[in-house]
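Visitor: Pasting a structure here, questions to come.
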Amino acid sequence: MFKLVRRREIVEGYRRELLRVWTPFLLLGLVALVATYLLFVEPPPPRQVTIATGQPTGRYHAFAEQYRAYLAGVGITVEIRETAGSAENVALLLDPASGVSLAFVQGGVMPPEASDRLSSLASVYREPLWVFHRGDGAHDRLTDLASMRLSIGPEGSGTREVVERLLADSGVTADAQAAAGAPFEGLPDQEAAEALLAGRIDAALFIVGPGSAQVQELLRAEGVHLMSLRRHESYVRRYPYLSSVPLSEGLLDLDRNIPPAPSTLLAPPAALVANATLHPALIPLLIEAARAAHAPGNLLDAPGEFPSTRFVEAPLHPEARRYQEEGPSFLRRVLPFWPASMVSRLKVMLLPLATVIFSIFKIAQPLYNWRISARIYRHYEILRRAQRELSRPVDPARRAELIATLRQLEDNLAALSVPLRATADLYQLYLHLGYVRRRLEGEQPSIPPPPAA
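Structure, rendered in structure tokens:
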């Protein structure tokens with residue numbers, strides 16, 4: 000006597016085989032994907048960035064406000080950190096605990112050791128060096144300032160960093176000035192302008208834009224002259240971050256003809272500089288914000304000249320170079336920022352995901368087919384037992400029981416769904432069931448008997 004497996008048990012058995020084969024592979028694939036995500040997928044961009052600027056009345060702060068308004072449109076909050084100037088900005092970028100990831104930095108301020116830890120996104124505009132002096136207007140070299148009472152900007156300011164270097168190259172050093180009884184003064188811009196107008200100092204040097212109130216006041220003052228630097232090309236060759244800025248006659252004020260004669264200034268750039276904490280995905284957005292603010296140009300910068308990859312001191316960030324040379328990525332052109340960022344981060348998982356899926360189907364599917372075929376062949380045990388009983392006399396009641404069992408097995412198998420590759424095995428089982436059943440029913444079989452084993 001043998002026990003017939005019910006239809007429900009057969010179907011559930013195949014489902015168990017399906018789960019038994021596929022579950023380990025799916026779990027392995029899930030573990031592989033999680034590991035890939037943790038090891039290779041960059042964290043999402045932060046929704047806040049902190050930028051160091053300068054005094055709240057300065058141009059850095061004003062442009063940072065424009066950046067803030069632009070980035071707010073894509074859900075990025077900009078925190079503005081007010082500072083004393085570029086030198087402090089660099090110090091904040093180099094301090095891991097400062098929370099600052101981006102800053103405006105004046106050209107010429109970057110210490111050599113900082114270049115390995117910081118990167119430039121772009122230069123954004125020129126900041127001319129204005130040299131105003133009292134007396135006659137014949138001075139045209141920085142060496143002419145020797146022994147004069149000079150204000151070169153407060154300690155820690157970008158102006159002082161640049162001016163001290165240029166003056167030292169021209170032989171006007173702090174020691175020489177002190178020995179001449181005219182030590183450097185470190186007055187803020189407004190105080191320096193007032194001191195120059197009052198005659199308390201002989202010259203004042205500023206690195207500011209042409210719209211500065213101090214520059215506008217001194218350009219119109221009696222007895223104060225703007226120095227046109229005759230050796231500007233030599234400075235530009237020595238310092239790649241500098242550029243020559245020609246001021247044509249009347250450029251700043253046509254009505255009053257200011258300046259009254261063509262002049263040439265030197266100008267370090269203002270640059271956007273970042274440290275390693277700035278997320279690369281934010282760099283295109285920051286350059287877009289800079290383009291919106293600076294691309295229109297001004298009296299000194301041609302439209303579209305900035306932001307630029309020129310005049311930077313720290314190495315250009317690879318993402319900044321790619322963006323400025325190639326423009327927005329394909330994803331950024333067709334998707335808003337946040338969806339594009341998510342797809343860009345997850346695309347590194349495509350190859351591991353494809354590998355896992357290919358491996359699963361390469362291994363799991365044949366294994367599943369084999370196990371399904373094995374379950375089909377198990378039913379041959381019923382056939383073998385029935386065939387053995389045919390080898391000896393069988394009473395009618397037992398014969399009827401065997402026939403009913405085989406018919407029930409045929410009905411059960413008819414409800415079964417198997418993979419395509421196992422269909423041939425299932426059809427063979429049908430044929431052999433019919434062969435044995437017809438023998439039991441006393442019919443002449445039309446196919447050869449199944450193998451004994």
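Taking numbering that gives the first Met the number 0, the leading residue of the sequence shown gets 0, the next gets one more, and so forth. Beta carbons: idealized from backbone N, C-alpha and C, even for Gly.
#1: Decide if E154 is buried, meaning its Cβ has at least 16 other Cβ atoms within 10 Å, or exposed.
#2: Check whether the Cβ atoms of D457 and R58 sit closer than 8 Å, and answer yes or no.
#3: Where does L389 land, buried or exposed, given buried means 16+ other C-beta within 10 angstroms?
#4: Roughly how many angstroms lie between the CA atoms of P365 and F357, to the nearest whole one?
#5: When you compare only the Cα positions, how much space is there between A451 and R383?
#6: Checking contacts by CB at 8 Å: is T354 closer than that to chain C?
#7: What's the C-alpha gap between Y379 and A399?
#8: Tell me the residue span of the beta strand (DSSP E) that contains S262.
#9: Name the DSSP beta bridge partners of D252, please?
#10: Measure the alpha-carbon distance for L29 versus I359 and round it to whole angstroms.
#11: Please state whether the Cβ-Cβ distance between Q267 and G107 is less than 8 Å.
#12: Beta-carbon separation of V104 and S85 under 8 Å?
#13: Tell me whether E318 sits in a helix, a strand or coil according to DSSP, three-state version.
#14: Are the stretch 201-221 and the stretch 128-138 in contact at 8 Å, needing three or more beta carbon pairs?
#15: Say whether the stretch 72-79 touches the stretch 45-62, bearing in mind that this needs 3 or more beta-carbon pairs closer than 8 Å, one atom from each stretch.
#16: Spatial neighbours of A471 within its chain, please: CB distance less than 6 Å, with the 5 preceding and 5 following residues excluded, ordered by chain position.
#17: Would the stretch 245-262 and the stretch 278-294 be scored as touching if the rule is three or more Cβ pairs under 8 Å?
#18: Would DSSP call Q215 helix, strand or coil?
#19: Give every residue of the same chain whose Cβ lies closer than 7 Å to the Cβ of E216, excluding the five residues on either side of it in the sequence, and list them in chain order.
#20: Please name the residue in A291, L166 and A273 whose C-alpha comes closest to that of A113.
#21: Can you grab the Cα-Cα spacing for the pair Q443 / R437, in whole Å?
#22: According to the Cβ coordinates, are L92 and A102 closer than 8 Å?
#23: Between L225, L334 and Q407, which lies nearest to P261 when the distance is taken from Cα to Cα?
#24: What would DSSP say about I446, mapped onto helix, strand or coil?
#25: Please name the residue, chosen from L25, N368, T263 and L405, that lies closest to D139 on a Cα-to-Cα basis.
#26: Does the Cβ of I446 have 16 or more other Cβ atoms within 10 Å, making it buried, or fewer, making it exposed?
#27: With I282 and H316 assumed to form a contact (beta carbons below 8 Å), what rounded beta-carbon distance in angstroms separates them?
#28: What is the DSSP secondary structure of R398, reduced to helix, strand or coil?
#29: For E440 and H431, what's the separation of their Cα atoms in angstroms?
#30: Taking only runs that begin and end inside the stretch 22-93, name each unbroken beta strand (DSSP E) of 3 or more residues, in chain order.
#31: How would you label Y426, buried or exposed, when you count the other beta carbons within 10 angstroms and need 16 or more for buried?
#32: Which value, in whole angstroms, describes the spacing of the CA atoms of E325 and E87?
#33: Just to confirm my understanding: we take A396, look at its own chain, exclude 5 residues before and 5 after, and list those with CB closer than 8 Å. What are they?
#34: Helix, strand or coil, according to DSSP, for A203 in the structure here?
#35: Between A83 and S156, which are expected to be in contact by the criterion C-beta below 8 Å, what is the C-beta distance as a whole number of angstroms?
Guide: The relevant details are as follows:
#1: Within the sequence shown, numbered from 1, the residue matching residue 154 stands at position 155. Exposed is the call here.
#2: In the structure displayed, the chain extends from 0 to 452; residue 457 sits before or after that span and is not available.
#3: As a first step, residue 389 is located in the sequence shown; it is residue number 390 there, counting from the start. Counting Cβ neighbours within 10 Å, L389 comes out exposed, since fewer than 16 surround it.
#4: Against the sequence shown, residue 365 aligns to sequence position 366. Against the sequence shown, residue 357 aligns to sequence position 358. Approximately 13 Å between the Cα atoms of the pair.
#5: Start at 1 with the first residue of the sequence shown, and residue 451 comes out as number 452. Start at 1 with the first residue of the sequence shown, and residue 383 comes out as number 384. Its pLDDT being 49, under 50, A451 is placed unreliably by the model, and nothing is read from it.
#6: Of the protein chains in the structure, only one exists, and it is not chain C.
#7: Counting from 1 along the sequence shown, the entry for residue 379 is found at position 380. Counting from 1 along the sequence shown, the entry for residue 399 is found at position 400. Going by the C-alpha atoms only, they are around 19 Å apart.
#8: Your numbering for residue 262 matches position 263 in the sequence shown. Start and end: S262 to A266.
#9: Taking the sequence shown and counting its residues from 1, one reaches residue 252 at position 253. Its beta-bridge partners are I257.
#10: Indexing the sequence shown from 1 puts residue 29 at position 30. Indexing the sequence shown from 1 puts residue 359 at position 360. Cα-Cα distance, rounded: 11 Å.
#11: If you number the sequence shown from 1, residue 267 lands on position 268. If you number the sequence shown from 1, residue 107 lands on position 108. Checking the displayed sequence, the identity of residue 267 turns out to be Pro instead of Gln. Going by C-beta atoms, P267 is nearer than 8 Å to G107.
#12: Counting from 1 along the sequence shown, the entry for residue 104 is found at position 105. Counting from 1 along the sequence shown, the entry for residue 85 is found at position 86. Yes, the Cβ-Cβ distance between V104 and S85 is below 8 Å.
#13: As a first step, residue 318 must be located in the sequence shown, where it is residue number 319. The DSSP-derived three-state label of E318 is helix.
#14: The stretch 128-138 and the stretch 201-221 touch, with three or more beta-carbon pairs separated by less than 8 Å.
#15: yes
#16: Any question about residue 471 goes unanswered here, given that the chain covers just 0 to 452.
#17: no
#18: Counting from one through the sequence shown, the residue named residue 215 turns up at place 216. Here Q215 sits in helix by DSSP.
#19: Residue mapping note: residue 216 aligns to position 217 of the sequence shown, counting from 1. A192, listed in sequence order.
#20: As a first step, residue 113 must be located in the sequence shown, where it is residue number 114. Selected option, being the one with the closest Cα: A273.
#21: Translated into the one-based positions of the sequence shown, residue 443 becomes position 444. Translated into the one-based positions of the sequence shown, residue 437 becomes position 438. In this prediction, Q443 has a pLDDT of 45, which is less than 50 and means its spatial position is unreliable; nothing more can be read from the coordinates.
#22: Here residue 92 is taken as the residue at index 93 of the sequence shown, counted from 1. Here residue 102 is taken as the residue at index 103 of the sequence shown, counted from 1. Yes.
#23: The count along the sequence shown starts at 1 and reaches residue 261 at position 262. It is L225.
#24: Residue 446 sits at position 447 when you count from the first residue of the sequence shown. Here I446 scores only 48 on pLDDT, less than 50, and its place in the model should not be relied on; the value that follows carries that caveat. I446: coil per DSSP, three-state reduction.
#25: On the sequence shown, residue 139 is found 140 positions in, with the first residue counted as 1. Residue T263 is the option with its Cα nearest to D139.
#26: In the sequence shown, the residue the question calls residue 446 occupies position 447. A caution first: I446 carries a pLDDT of 48, below 50, which makes its placement in the model unreliable, though a value can still be read off. By the C-beta density criterion, I446 is exposed, having fewer than 16 other C-beta atoms within 10 angstroms.
#27: Counting from 1 along the sequence shown, the entry for residue 282 is found at position 283. Counting from 1 along the sequence shown, the entry for residue 316 is found at position 317. Contact holds; Cβ gap of about 6 Å.
#28: Position 399 of the sequence shown holds residue 398. Three-state DSSP puts R398 in a helix.
#29: For the purposes of this step, residue 440 is taken as the residue at position 441 of the sequence shown. For the purposes of this step, residue 431 is taken as the residue at position 432 of the sequence shown. Cα-Cα distance, rounded: 14 Å.
#30: 47-51 and 76-80
#31: Locating residue 426 in the sequence shown gives position 427, where the first residue counts as 1. Y426 should be labelled exposed.
#32: Here residue 325 is taken as the residue at index 326 of the sequence shown, counted from 1. Here residue 87 is taken as the residue at index 88 of the sequence shown, counted from 1. Looking at the two C-alpha atoms, the distance is approximately 33 Å.
#33: As a first step, residue 396 is located in the sequence shown; it is residue number 397 there, counting from the start. Counting only Cβ-Cβ distances below 8 Å, and skipping sequence neighbours, we find nothing.
#34: In the sequence shown, counting from the first residue as 1, residue 203 sits at position 204. Correct three-state label for A203: strand.
#35: The residue you call residue 83 lines up with position 84 of the sequence shown. The residue you call residue 156 lines up with position 157 of the sequence shown. About 6 Å separates the beta carbons of A83 and S156, which is inside the 8 Å limit, making them a contact pair.
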